Amino acid sequence: MKNDLADRFEQNPILRPVDLRPSTPGMEVTCLLNPGVFRFQDKVWLVVRVAERPVQSPGITSFPILTSDGRMEVLEFNSSDPRLDLSDPRVISFDGRDYLTTLSHLRLLWSDDGIAFAEAADRRPLMGTGELETYGIEDCRVGRIDGTWCLTYTQVSDHGVGVGLRSTRDWKEFTHQGMILPPHNKDCALFEERIGGKYYALHRPSSPELGGNYIWLAESPDLVHWGRHRCLAHSRAGYWDSARVGAGAAPIRTSAGWLAIYHGANRESRYCLGALLLDLKEPWRVLARSEEPIMEPLARYEREGFFGQVIFTNGHILDGDRLTLYYGAADSVICAAHLSIQRILASLAPAEGAKA
Ligand code: MAN
Numbered sequence: 000m001k002n003d004l005a006d007r008f009e010q011n012p013i014l015r016p017v018d019l020r021p022s023t024p025g026m027e028v029t030c031l032l033n034p035g036v037f038r039f040q041d042k043v044w045l046v047v048r049v050a051e052r053p054v055q056s057p058g059i060t061s062f063p064i065l066t067s068d069g070r071m072e073v074l075e076f077n078s079s080d081p082r083l084d085l086s087d088p089r090v091i092s093f094d095g096r097d098y099l100t101t102l103s104h105l106r107l108l109w110s111d112d113g114i115a116f117a118e119a120a121d122r123r124p125l126m127g128t129g130e131l132e133t134y135g136i137e138d139c140r141v142g143r144i145d146g147t148w149c150l151t152y153t154q155v156s157d158h159g160v161g162v163g164l165r166s167t168r169d170w171k172e173f174t175h176q177g178m179i180l181p182p183h184n185k186d187c188a189l190f191e192e193r194i195g196g197k198y199y200a201l202h203r204p205s206s207p208e209l210g211g212n213y214i215w216l217a218e219s220p221d222l223v224h225w226g227r228h229r230c231l232a233h234s235r236a237g238y239w240d241s242a243r244v245g246a247g248a249a250p251i252r253t254s255a256g257w258l259a260i261y262h263g264a265n266r267e268s269r270y271c272l273g274a275l276l277l278d279l280k281e282p283w284r285v286l287a288r289s290e291e292p293i294m295e296p297l298a299r300y301e302r303e304g305f306f307g308q309v310i311f312t313n314g315h316i317l318d319g320d321r322l323t324l325y326y327g328a329a330d331s332v333i334c335a336a337h338l339s340i341q342r343i344l345a346s347l348a349p350a351e352g353a354k355a
């Protein structure tokens with residue numbers, strides 16, 4: 000407990016699956032996950048990932064996919080078929096092919112106090128579209144750049160998992176910019192200002208055979224074309240983040256550097272949060288990093304659920320020193336906590352000791 004810096008909302012979980020209606024009759028909302036967060040029209044908004052599946056019938060495993068022209072189709076397997084592997088609640092493996100147990104879309108919710116959220120009646124849900132999103136869209140980060148809202152999110156299909164970009168100025172009309180980082184890549188967080196005239200993004204390609212699931216930095220002249228990739232942070236053997244690391248929401252500008260909250264998981268898929276501090280002018284230089292998690296699954300709603308032992312964030316708002324972090328807990332419900340930027344900064348170890 001001593002390292003956990005988060006002051007959790009006593010109202011947690013602030014959103015549960017029963018709070019939202021399924022998008023289509025016959026479906027159930029299975030989980031609410033990992034919201035993007037932004038301030039707009041004096042309100043706090045969440046871009047919630049809603050994961051759905053058909054109401055399950057005994058002996059049958061069914062799951063939805065989208066056709067590339069946007070229709071929902073339900074696939075079914077006999078649950079006792081020996082070719083079926085259901086050992087991970089998130090994935091269905093059948094005869095060597097992987098599908099997702101749920102199909103995710105994104106929904107807009109707003110709040111006056113940042114605690115009680117309601118679905119925005121006049122905003123349409125964001126659904127997967129086209130052949131790169133047939134297994135849905137997930138884990139949206141929101142960045143405000145030059146007055147435009149940029150949504151970077153995970154696109155999932157049988158082609159693989161990559162990063163998509165949509166942009167909007169009013170949260171009603173969206174421009175689809177397509178896949179900006181090809182498979183396998185996710186966890187893309189844009190810096191909200193240019194550095195030396197360039198846009199920057201943190202992202203997480205996976206190179207499982209040689210390398211791993213590491214946080215990288217890329218630069219771009221236009222937010223669509225990304226290059227000059229550099230690896231910033233490895234997973235660390237023997238640490239809480241030994242198996243994978245991935246960026247949270249947009250890095251936060253502080254006088255000490257860019258503070259980037261990230262998630263890290265170990266081999267047991269226990270997801271905690273830590274932080275990286277990056278040089279303000281040369282963000283490829285890692286100045287400091289968490290040795291211990293700044294937040295870890297301690298509360299019951301973080302330890303138990305659809306996929307337990309998970310704290311996953313990709314959204315926050317900032318008021319001076321106070322960070323309000325929104326996060327998915329146990330891949331089931333949405334929660335929030337306050338953290339102090341100064342306390343996070345004080346907890347970091349200089350990069351020499353950070354085993355980047
Ligand atoms: C992956 C993503 C996240 C999810 C975690 C934990 O990183 O699919 O959306 O929250 O795994 O299951």
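The sequence shown: position 333 = 332 (numbering that gives the first Met the number 0), numbered continuously. Each residue gets a CB set at the ideal place from its N, CA and C atoms; glycine is no exception. The model shown is predicted, which means the values in this text are computed figures rather than measured ones.
Count the other CB atoms, across all protein chains shown, that sit within 10 Å of the CB of residue 353; report buried if there are 16 or more and exposed otherwise. With a pLDDT of 45 at residue 353, under the threshold of 50, the modelled position of this residue cannot be trusted, and the question is left open.
Identify, in the order they occur along the chain, each residue of the same chain with its Cβ nearer than 7 angstroms to the Cβ of residue 348, setting aside the five sequence neighbours on each side. Closer than 7 angstroms at Cβ, skipping near neighbours: 287, 288 and 290.
Which of the three DSSP states is assigned to residue 2 in this structure? Looking at residue 2 - three-state DSSP - the assignment turns out to be coil, as it is neither helix nor strand.
Residues of its chain near residue 38, where Cβ-Cβ distance is below 8 angstroms and the 5 sequence neighbours each way are ignored: Within the same chain, and ignoring the five residues on either side of residue 38 in sequence, the residues whose Cβ sits closer than 8 angstroms to its Cβ are 44 and 316.
If residue 48 sits next to residue 138, beta carbons under 8 angstroms apart, how far is it from one beta carbon to the other, in whole angstroms? Indeed, because the Cβ distance is near 6 angstroms, the residues count as touching under 8 angstroms.
Any contact of the segment 22-32 with the segment 116-123, i.e. 3+ C-beta pairs under 8 angstroms? At 8 angstroms Cβ cutoff, the stretches do not touch.
My parser needs the beta strand (DSSP E) runs of 3 or more residues fully inside the segment 256-342; what are they? As far as the segment 256-342 is concerned, its whole beta strand (DSSP E) runs of at least 3 residues are 256-264, 270-277, 285-288, 310-318, 321-328 and 332-339.
At which residue ranges does the segment 214-262 contain complete alpha helix (DSSP H) runs of 4 or more residues, listed in the order of the chain? Complete alpha helix (DSSP H) runs here, min 4: none at all.
Helix, strand or coil at residue 17 according to DSSP, with G and I counted as helix: The answer is helix: DSSP assigns residue 17 an H, G or I state.
Please classify residue 67: does DSSP put it in a helix, a strand, or coil? In the structure shown, residue 67 sits in coil (DSSP, three-state: anything other than H, G, I, E or B).
Look at residue 263 and residue 240 and say whether their C-beta atoms are less than 7 angstroms apart. Yes, Cβ-Cβ distance for residue 263 and residue 240 is below 7 angstroms.
Out of 232, 175, 248 and 280, point me to the one whose CA is closest to residue 242's CA. Of the candidates 232, 175, 248 and 280, 232 places its Cα closest to the Cα of residue 242.
What does the alpha-carbon distance come out to for the pair residue 389 and residue 269? Summary: the structure shown does not reach residue 389, with the chain confined to residues 0 through 355, and so no result is reported for it.
If you measure between the beta carbons of residue 251 and residue 274, is that distance less than 7 angstroms? 7 angstroms or more divides the Cβ of residue 251 from the Cβ of residue 274.
Residue 85 classed as buried or exposed, judged by whether at least 16 other C-beta atoms fall within 10 angstroms: Result: exposed.
Local conformation of residue 354 per DSSP, three classes: Per-residue confidence for residue 354 stands at a pLDDT of 46, beneath the threshold of 50, marking its modelled position as unreliable; the derived number appears in the next sentence. In the three-state reduction of the DSSP assignment, residue 354 falls in the coil class.
Within this structure, are the beta carbons of residue 101 and residue 76 separated by less than 7 angstroms? Cβ distance not < 7 angstroms, so residue 101 and residue 76 don't count as in contact.
Output needed for residue 355: all residues of its chain with C-beta closer than 8 angstroms, excluding positions within five of it in sequence on either side, in chain order. Reliability fails at residue 355, whose pLDDT of 47 lies under 50, so the model's placement of it is uncertain and the value that follows must be treated cautiously. Here residue 355 has 231, 232, 233, 285 and 288 as same chain residues with Cβ atoms under 8 angstroms from its own Cβ, once five neighbours each way along the sequence are excluded.
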